[in-house]
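Quick note, the sequences are listed as chains A and B, same order.
If you're matching positions, the first sequence starts at 15 in this note's numbering and goes up one per residue.
If you're matching positions, the second sequence starts at 15 in this note's numbering and goes up one per residue.
Backbone N, C-alpha and C fix where the C-beta goes; we use that ideal spot for every residue, glycine too.
Notes follow the structure.
Protein chains: 2
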Amino acid sequence: MEAAAPGTRGAVTAAGRRATIKDVAEAADVSRSTASRALTGRGYVAPAVRERVRRAAQTLGYVPDAMARNLRQQVSRSIGVLVSDLRNSFYADLASGVSAQSRRRGYAMMLADDAGSVEAELEAAETFVALRVAGVILTPLSAEVTEYLGRHRIPVIEVDRQFAEGACDAVVVDNKAAAERVTTGLLQQGHRRVALLIDEMDWTTGRDRLVGYRSAFLAAGLPLDDALVVRGGWDVGAATGVARDLLGGPDRPTAVFAANNVLAEGVWRAAQALGLRVPDDLSLVSFDDAPWMTMVTPGVTAVAQDAVALGEAAVGQMFERIESPDSPKRTVMLSAAIAQRGSTAAPPAA
Amino acid sequence: MEAAAPGTRGAVTAAGRRATIKDVAEAADVSRSTASRALTGRGYVAPAVRERVRRAAQTLGYVPDAMARNLRQQVSRSIGVLVSDLRNSFYADLASGVSAQSRRRGYAMMLADDAGSVEAELEAAETFVALRVAGVILTPLSAEVTEYLGRHRIPVIEVDRQFAEGACDAVVVDNKAAAERVTTGLLQQGHRRVALLIDEMDWTTGRDRLVGYRSAFLAAGLPLDDALVVRGGWDVGAATGVARDLLGGPDRPTAVFAANNVLAEGVWRAAQALGLRVPDDLSLVSFDDAPWMTMVTPGVTAVAQDAVALGEAAVGQMFERIESPDSPKRTVMLSAAIAQRGSTAAPPAA
DNA sequence: GCTCGATCTGGAATCGATCCCAGGACGATC
DNA sequence: GATCGTCCTGGGATCGATTCCAGATCGAGC
């Protein structure tokens, strides 16, 4: 933004209207065309005139109407962001990364959250289309939304998860590799009954985490027990219940790999309720880091997806797509660090 | 939104353009005016014609251009939200509440975060002015923003904190009452050396919390020790350092009242590092709830500001302001619940 | 003095949707 | 059959900014 600092004078004309370029032009005694050229810097304007126009704009507190400009230029300088739930720190961090990067490029951010509802997701997408955003960054709930935006020629970047690899630009973390690494770590500590608590296995996210978990067993030459792959639901309450059943039953696992931070919270709460000590009685690893994982004792070992970086990368890719609309779709895969804390140990002797 | 579900047909005309109302009108063999009336529902249209136009719009995947509509009607259906830091769960929750409420009313949300920078704040405000948002909800950093937006005739609602009471519509929690209540609780448990760790005392937020803390002492007839009011800085690192000094010194407080969740985190970490047991060696109370406070053992007693409700209330007040622009400014004060957990107890015998 | 090119300016069209207004059609009423 | 009111439609102005284009001005070069 090269616009002058917000003026300290009046922002409305005597008539009480907001100042328009016509007001500026009249104040500087030039035509609207000339005023426009002076302010945008496109086209010829005599230096003295340019200065006069700028001063008039400053005095009037003129701020160009982005609506009118966008309408005329048929492009907008804002991007749409659509995430599942802002109260989940993963999505909030993601939005934060997008916000920082897009502001740097002079773009505003329209943010919407579907509360896990496919309808809300489509409605938000329609709003983005109506506002003619330059592009949309989203964590998709349905395959439809991407397809819908694509039909309207709006660049879409899927983040965190995708439905079909390669169908759309995407930025994801290497779920398989990270899942395999942490699972291998647990196996090497001597665990054999390692449960995977997971929310879904339909999107690439869940699928790849499951694949990573399995391939760790395969690589170690150990048998898989499908009864240890458990669906944990979508919120903390459900996850806690499932974890209680899992940990309270006979022949319970000695380690749990929770596929996201909500599930990890459920496991932690269930362990507390059942009086299981971490890591002595139970080892715990989480996919997704969360603030509380460093606050509890012991800290929870986690795959630390950098959600902020994910958001930043998505913005980068969005602008590449805008610049070359016809280049082939690309999936960027970020590797995730593993934050080793104290929540894993060798399984109890038992 | 009474718009039909996103169409399943093409969204662009044969020429590759997005469909406009002109395309719809031609497809339905009516004039643009009639098409507009049929779709908006304002003005006379014969039922058969309305149906024909709707079907044409559906077939073409027509989505009205919000820019053009807003320009013509001189109102926009989006609101601006400006918070300090999305990665702080308080602000994220706030944004979440605003998002939910404004979606319900058919408004889109433009979100920006100033990273604690007054410049970024003003820049975001200017973007909001350019986009002609219907109103702005913000947690102000400077008095200038509010004044700037006000000059442009944009309704502003300050949330969480304000500079001058009554100068602007605002939604805040009753900081004084809540601070007094928790402080009184600590005094009643027998604490005498109760420290207040605070970030600032310039805004109403900090001032009122300090006032509440003090009046608890006064009401109990106990003397104040100003050395126990300590500034804790703005981030976790700084807060931890300050808390270490406070708790590591001689004659340390037996209880700490942290004026926000970041400061509470600093105190918690410092206590861990110093090997102080909560609540046996140290009682802790926090203003602001945070997810980790229910995860640690013992849980941290906190003033549970409902940030989501704060955001929702702000949206409500914004629409009231839009409806009656000239009614007197109003400050809505929400009371905050206190979440009693296990982090307080009688002071050590010493 | 004339031409040419560069510099500079204003008029008018344009983006997409809305909405005022003039006017046509049609039925009812006297 | 004239008048009136209701229903319905299309033409054209409008919102605010940008941009194309025609034309004016001026200095340099011949």
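- Excluding the 5 residues flanking it on each side, I336(B) has same chain C-beta neighbours closer than 8 Å at A148, G149 and P169, in chain order.
- Pairing R146(A) with M81(B) gives a Cβ-Cβ distance under 9 Å.
- In the three-state scheme derived from DSSP, where H, G and I count as helix and E and B as strand, V132(A) is classed as helix.
- Taking 9 Å as the upper bound on Cβ-Cβ separation, chain A lies near residues G75, V77, P78, D79, A80, M81, A82, R83 and N84 of the stretch 71–84 of chain B.
- The stretch 153–165 of chain A makes no contact with the stretch 188–205 of chain A; the number of CB pairs closer than 8 Å stays below 3.
- Neighbours of T141(A) in chain B, taken as residues whose beta carbon is under 7 Å from its own, are A122 in chain order.
- Straight through space, the alpha carbons of Y105(A) and S98(A) are spaced by roughly 7 Å.
- In the DSSP annotation of this structure, V89(B) is not part of any beta strand (DSSP E), being labelled neither H nor E.
- Near chain B, meaning a CB-to-CB distance below 8 Å, the residues of the stretch 260–279 of chain A are E279.
- A residue is called buried when at least 16 other Cβ atoms come within 10 angstroms of its Cβ; K190(B) meets this threshold and is buried.
- Against chain B, the beta carbon of P154(A) has no neighbour under 8 Å; the closest one sits roughly 15 Å away.
- A257(A) places its beta carbon less than 9 Å from that of L277(A).
- With the rule of 3 Cβ pairs closer than 8 Å, the stretch 173–189 of chain B counts as touching the stretch 202–220 of chain B.
- DSSP lists no bridge partner for F142(B).
- Beta-bridge pairing by DSSP links M123(A) to I93(A).
- In this structure, H205(B) and S297(B) form a Cβ contact; the two beta carbons are roughly 6 Å apart against a cut-off of 8 Å.
- Assignment of T315(A) by DSSP, reduced to helix, strand and coil, places it in the strand class.
- E172(A) is bridged by DSSP to L152(A) and A184(A).
- For T345(A), the enclosing beta strand (DSSP E) begins and ends at T345 to L348.
- In the structure shown, F271(B) adopts extended strand secondary structure according to DSSP, grouped into three states.
- Interface annotation for the stretch 285–317 of chain B against chain A: Q286, A304, P305, W306, M309, V310 and T311, criterion Cβ-Cβ distance under 8 Å.
- Around the beta carbon of E65(A), a 10 Å sphere encloses fewer than 16 other beta carbons of the protein chains shown; the residue is thus reported as exposed.
- Ranked by how close their Cα comes to the Cα of D128(A), the residues L152(A), A114(A) and Y58(A) have L152(A) in first place.
- Spanning the alpha carbons of G57(B) and S90(A) requires a straight line of approximately 31 Å.
- Contact check for A351(A) and V185(A): beta-carbon distance about 16 Å, past the 8 Å limit, so the pair fails to qualify.
- Within the stretch 194–245 of chain B, the complete beta strand (DSSP E) segments of 3 residues or longer fall at 208–212 and 243–245, listed in chain order.
- If you look at L53(A), you'll find it in the alpha helix (DSSP H) that goes R46 to T54.
- In the displayed model, L163(B) falls within a helix according to three-state DSSP.
- Counting C-beta pairs with one atom in each stretch, the stretch 70–85 of chain A and the stretch 112–119 of chain A have fewer than three that are closer than 8 Å, which means they do not touch.
- Going by C-alpha positions, D222(B) is about 15 Å away from R245(B).
- Collapsing the DSSP output to three states places V276(A) in a helix.
- Note that the C-beta distance between A321(B) and D107(B) is below 9 Å.
- Using a CB distance cut-off of 9 Å, D99(A) counts as an interface residue toward chain B.
- Following the DSSP letters along the chain, one finds F177(B) in no alpha helix (DSSP H), marked with neither H nor E.
- Contact annotation, R31(B) with A39(B): C-beta distance approximately 15 Å; criterion of less than 8 Å not satisfied.
- In this chain, the alpha helix (DSSP H) harbouring L108(A) covers S103 to R118.
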